[in-house]
Amino acid sequence: AVVSTQSTGKSELAQLDVSARGVWAPLDRAFFDIRVFHPQAQTNASIKTVPGMYTHHEQLKKRHYNNRVINVEKGTFTPLVFSTSGGAGQEATRFMKTVAQKISESTNQQYSHVMAFVRRRYRFALLRTCIIALRGYRKRPKGRQEAAIEDLNVGIIPKD
1 AVVSTQSTGK SELAQLDVSA RGVWAPLDRA FFDIRVFHPQ AQTNASIKTV
51 PGMYTHHEQL KKRHYNNRVI NVEKGTFTPL VFSTSGGAGQ EATRFMKTVA
101 QKISESTNQQ YSHVMAFVRR RYRFALLRTC IIALRGYRKR PKGRQEAAIE
151 DLNVGIIPKD
């Protein structure tokens, strides 16, 4: 397939942030690109409503990546747009609901509790991103590692 759209990101630097299988359909490849914006930034001044800002940023990401992902990568593309105030766009909300549903089913935990956990994790990740943007990156202390998804327990069901 030839990607001929002028607005499609075709350069070597046009890389997507996350790739995963089985998010939207079994064995299908899904690509995600994350954008965090500040609602009070001067670049968003022309957009009057916050929901309009989410839609605007989602459309920009889709215009940049969607054609290439569908035609070259043979996958689906979902822009994950968040604001520095903690909100999420429609696509990001749908993604979080899907992730929470899959975790809930695989761990036999209540969906509402898992969704609260997923939202909390994303909010802390956004907070971390904002702090890094303000003061710069600082290395993680040695010996601290992220927990594997298999070890995920939001405290609803006691471990045996």
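Residue numbering for the sequence shown follows our numbering, starting at 1 and increasing by one per position.
Cβ coordinates follow ideal geometry from the N, Cα and C atoms, glycine included.
Practice task
Pull up the distance between the alpha-carbon of V114 and that of S106, whole angstroms please.
Solution key: 11 Å
Problem - Runs of alpha helix (DSSP H) lying entirely within the segment 58–139, each at least 4 residues, in chain order - result: 90–107, 111–135
Practice task
Determine the direct distance from the alpha carbon of G136 to that of R94, and round the result to whole angstroms.
Solution key: 31 Å
Problem - Pairwise C-alpha distance: R29 and K74 - result: 8 Å
Handout entry: P39 and S83 closer than 7 Å at C-beta
Key = yes
Problem - Between the CA atoms of L60 and T49 - distance to the nearest angstrom - result: 17 Å
Problem - Segment limits, beta strand (DSSP E) that includes I34 - result: 29–37
Problem - Residue from K102, L134, Q109 whose Cα sits closest to the Cα of G22 - result: K102
Practice task
Could you name the residues that DSSP lists as bridge partners for A20?
Solution key: A30
Problem - Cα-Cα separation between F124 and D17, rounded to whole angstroms - result: 18 Å
Exercise for the section: Could you say which of F32, H57, D33, I34 lies nearest to N44 if we only look at CA atoms? Expected result: H57
Practice task
Have a look at V36, F117, S104 and flag the residue whose alpha-carbon is nearest the alpha-carbon of I225.
Solution key: Residue numbering for the chain in the displayed model covers 1 to 160; residue 225 lies beyond these limits and cannot be assessed.
Exercise for the section: With a 10 Å radius around its C-beta and 16 neighbouring C-beta atoms as the bar for buried, classify L134 as buried or exposed. Expected result: exposed
Exercise for the section: Measure the CB-CB distance between V81 and M96 and report whether it falls below 7 Å. Expected result: no
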